[in-house]
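A.B. asks: Have a look at the structure that comes next, please.
Protein chains in written order, with the numbering used here: chain E, 1 to 89; chain F, 90 to 579.
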């Protein structure tokens with residue numbers, strides 16, 4: 001089974017599965033922490049409408065985990081805040 | 090890429106697929122633009138193993154024969170070069186042009202490559218999304234929409250939790266509960282806010298749709314077999330847990346519309362799926378300038394005439410955007426729209442008798458939809474469940490206290506609440522909190538002023554480079570080849 005990396009952990013997926021689906025299948029349901037109150041969030045609408053499942057994928061923040069298809073070797077991380085902290089103020 | 094075509098259909102669910110096939114068979118060229126990797130929409134969502142006529146599982150899907158027929162016909166049209174299928178394309182705007190209209194879309198991967206379709210007519214079949222209501226704890230991981238739970242199951246083969254509670258209103262709760270059971274999950278219960286006994290007032294509407302009655306009975310039989318309790322006249326009032334939902338509190342709503350004293354009940358769950366009906370996806374209709382309407386219950390839809398034309402001469406619409414009505418109605422409206430579009434372009438698609446029969450069927454199905462909407466209503470008591478720190482706008486993390494403050498300052502419409510509190514100003518542009526916020530305004534919902542808040546000029550995330558090139562594709566579409574390029578196959 002192919003895998004991608006999420007927060008350093010190898011997550012298996014089936015061809016065509018989204019990042020969110022593979023993570024939920026592996027028992028990971030917290031995908032980001034909010035920028036104002038640092039609250040955990042996971043997949044909510046599942047169809048790309050609500051933007052709650054935002055993660056960083058291969059260095060790009062704010063990707064909707066429910067829409068981005070998992071790929072072998074992809075490196076994703078939980079998004080904290082805006083996901084753009086490395087840009088500074 | 091710029092593509093010129095006679096008709097551009099946006100959305101490849103039941104309505105869009107039917108519209109594309111009807112228009113294509115009537116002899117006009119069609120571009121079918123869809124955000125998913127496969128045809129079928131949310132209703133026939135399936136893993137993207139095969140883009141056309143993929144095998145879909147009979148245990149989780151309905152009208153499978155209809156899906157196979159439509160997707161085979163669409164595939165045949167694509168082989169002939171009459172239909173260009175553009176999957177994975179998120180339409181970010183639709184605008185009128187002197188020749189018709191322009192549909193602009195971006196791909197999510199590779200990141201944001203733009204596709205422009207210049208068409209003489211557009212048929213917007215954008216479908217619907219779940220309509221959630223806020224309650225304390227609805228932002229916890231493990232609380233998701235019923236549609237989200239379905240999409241994980243149907244599209245990705247993933248059961249999102251082992252012990253699942255479903256709550257909200259509408260038959261989707263029952264069909265999804267049956268789906269969870271079929272896939273080996275445990276349903277902790279179904280909590281329906283309406284009183285389905287009210288169906289006895291609508292027997293005539295039910296008589297027009299015997300297949301739906303049989304379908305509903307099938308779900309109830311499956312739930313009974315698994316000893317799943319379906320509680321009616323009840324609502325979820327709170328969810329709690331540390332980093333994920335683990336406990337949900339529900340309460341019964343008495344005849345007077347208030348919470349029945351002492352009726353609170355706690356459920357241990359690993360997942361809570363909620364849905365209070367659907368909201369049509371109208372971003373593109375609003376962008377094109379189509380007339381929209383909001384009824385007394387706060388439901389919004391696009392106005393269409395007898396041939397599914399909107400108030401914009403170049404734009405038709407079919408399916409959920411014209412009023413929530415389900416897949417059967419969407420299929421019929423799609424056929425009417427596709428045929429009417431071809432006729433407008435001078436092709437005499439379909440027999441006149443067929444069209445008359447379709448319109449008669451549409452009337453029956455709309456009567457059923459109206460009855461459905463009057464049975465599955467949302468008790469108006471829900472704002473009483475909110476606490477000051479309940480999140481209302483999930484993107485901007487605006488609390489109920491902050492919404493109340495905006496109202497105290499004099500806000501009397503969604504737009505002013507947004508300007509004062511930031512509710513609806515985030516990533517989702519108010520798609521999720523717009524309806525609940527409109528209900529929290531005294532005197533609302535209803536009224537046409539709120540419809541303006543549905544305007545989302547950019548309906549999909551874009552890089553600035555696409556916006557910067559917005560004036561670039563100025564070649565008049567009459568200079569473009571009329572024949573679309575060979576269909577892209579998945």
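C-beta atoms are modelled at their ideal positions from N, C-alpha and C, and glycine is treated no differently.
Interface residues of chain F around residue 52 of chain E at Cβ under 7 Å?
C.D. replies: Around residue 52 of chain E, the beta-carbon contacts reaching into chain F at under 7 Å are 483.
A.B. asks: Starting from the beta carbon of residue 21 of chain E, find every residue of chain F whose beta carbon is closer than 7 Å, and list them in chain order.
C.D. replies: 241, 245 and 247
A.B. asks: Less than 8 Å between CB atoms is the rule here; does residue 75 of chain E satisfy it with respect to chain F?
C.D. replies: no
A.B. asks: Between the Cα of residue 9 of chain E and those of E:17, E:32 and E:23, spot the shortest distance and give me the residue it belongs to.
C.D. replies: E:23
A.B. asks: Can you give me the start and stop residues for the alpha helix (DSSP H) that residue 299 of chain F sits inside?
C.D. replies: 299-314
A.B. asks: Using DSSP bridges, identify the partner residues of residue 6 of chain E.
C.D. replies: DSSP, once it has assigned bridges, lists E:9 and E:76 as partnering residue 6 of chain E.
A.B. asks: Is there a C-beta anywhere in chain F that falls below 8 Å from the one on residue 47 of chain E?
C.D. replies: yes
A.B. asks: Given 7 Å as the limit, tell me if residue 472 of chain F has its C-beta closer than that to any heavy atom belonging to the ligand MG.
C.D. replies: Although the ligand MG was asked about, the structure shown includes no ligands whatsoever.
A.B. asks: Starting from residue 230 of chain F, find everything on chain E with Cβ-Cβ shorter than 7 Å and list it in chain order.
C.D. replies: 29, 30, 40, 41 and 42
A.B. asks: Going by DSSP, which residues form a beta bridge with residue 340 of chain F?
C.D. replies: Residue pairing from DSSP places residue 340 of chain F in a beta bridge opposite F:324.
A.B. asks: My output table needs one value for residue 235 of chain F: the three-state DSSP class, helix, strand or coil.
C.D. replies: The answer is helix: DSSP assigns residue 235 of chain F an H, G or I state.
A.B. asks: Taking the alpha-carbon positions, what's the residue 418 of chain F to residue 389 of chain F distance?
C.D. replies: 17 Å
A.B. asks: Does chain E have any CB closer than 8 Å to the CB of residue 144 of chain F?
C.D. replies: In this predicted model, residue 144 of chain F has a pLDDT of only 48, less than 50, meaning its place in the structure is not dependable; the value taken from the coordinates is given anyway. No, its Cβ sits nowhere closer than 8 Å to a Cβ of chain E.
A.B. asks: Quick one: grab the DSSP three-state call for residue 363 of chain F.
C.D. replies: strand
A.B. asks: Check for me: the alpha helix (DSSP H) holding residue 169 of chain F runs from which residue to which?
C.D. replies: Note, residue 169 of chain F: alpha helix (DSSP H), 153-169.
A.B. asks: Which runs of the beta strand (DSSP E) spanning at least 3 residues fall entirely within the region 396-461 of chain F, listed in chain order?
C.D. replies: Qualifying beta strand (DSSP E) stretches, in chain order: 404-406.
A.B. asks: Report yes or no: is there a C-beta of chain F within less than 8 Å of the C-beta of residue 18 of chain E?
C.D. replies: yes
A.B. asks: Using the beta-carbon of each residue, which ones in chain E are nearer than 7 Å to residue 219 of chain F?
C.D. replies: For residue 219 of chain F, the C-beta contacts it makes with chain E under 7 Å involve 45, in order along the chain.
A.B. asks: Give me the Cβ distance between residue 96 of chain F and residue 119 of chain F, rounded to the nearest whole Å; I'm assuming they're in contact under 8 Å.
C.D. replies: 5 Å
A.B. asks: Chain E partners of residue 332 of chain F, CB-CB under 8 Å?
C.D. replies: 30 and 40
A.B. asks: Could you name the residues of chain F that residue 67 of chain E contacts, counting a contact when the two beta carbons are closer than 7 Å?
C.D. replies: 197
A.B. asks: Nearest-angstrom Cα distance between residue 141 of chain F and residue 156 of chain F?
C.D. replies: With a pLDDT of only 48 at residue 141 of chain F, under the threshold of 50, the placement of this residue in the model should not be trusted, and no figure is reported.
A.B. asks: Verify the CB distance criterion: does residue 236 of chain F have a CB-CB separation below 8 Å to chain B?
C.D. replies: Among the protein chains of the structure shown, namely E and F, there is no chain B.
A.B. asks: Would you kindly report the start and end of the unbroken beta strand (DSSP E) that includes residue 278 of chain F?
C.D. replies: For residue 278 of chain F, the enclosing beta strand (DSSP E) has its first and last residue at 275-281.
A.B. asks: How many whole angstroms separate the CB atoms of residue 82 of chain E and residue 55 of chain E, which I take to be in contact at a CB cut-off of 8 Å?
C.D. replies: The pair is not a contact, with the Cβ atoms about 13 Å apart (cut-off 8 Å).
A.B. asks: So, under 8 Å CB-CB, residue 545 of chain F and residue 377 of chain F are touching, yes? Tell me the CB distance rounded to an integer number of Å.
C.D. replies: Not really, about 12 Å apart at Cβ, beyond 8 Å.
A.B. asks: Alpha helix (DSSP H) containing residue 528 of chain F: first to last residue?
C.D. replies: 523-529
A.B. asks: Quick one: which chain E residues come within Cβ less than 8 Å of residue 233 of chain F?
C.D. replies: Near residue 233 of chain F (Cβ distances below 8 Å), the residues of chain E are 42, 43, 44, 45 and 46.
A.B. asks: Determine the direct distance from the alpha carbon of residue 440 of chain F to that of residue 78 of chain F, and round the result to whole angstroms.
C.D. replies: Since the first and last residues shown for chain F are 90 and 579, residue 78 of chain F lies out of range.
A.B. asks: List, in chain order, every chain E residue whose beta-carbon is nearer than 7 Å to that of residue 131 of chain F.
C.D. replies: 47
A.B. asks: Who are the near neighbours of residue 468 of chain F in its chain, counting only those whose CB is closer than 7 Å to its CB and skipping five residues on each side?
C.D. replies: Here the set comprises 282, 324, 342 and 346.
A.B. asks: Take residue 219 of chain F and list the residues in its own chain whose beta-carbon comes closer than 7 Å to its own, dropping the five residues that flank it on each side.
C.D. replies: Excluding positions up to five away in sequence, the list reads 234, 235, 236, 364 and 367.
A.B. asks: Quick one: what's got a C-beta closer than 6 Å to residue 348 of chain F's C-beta in the same chain, skipping five residues either side?
C.D. replies: 340
A.B. asks: If residue 251 of chain F and residue 359 of chain F are in contact, beta carbons under 8 Å, what's the gap, nearest whole angstrom?
C.D. replies: With 8 Å as the limit, residue 251 of chain F and residue 359 of chain F qualify as a contact, their Cβ atoms being about 5 Å apart.
A.B. asks: Going by the CB atoms, is the gap between residue 181 of chain F and residue 547 of chain F shorter than 8 Å?
C.D. replies: yes
A.B. asks: Given a limit of 7 Å on CB to CB distance, which residues of the region 503-535 of chain F reach chain E?
C.D. replies: 516, 517, 520 and 521
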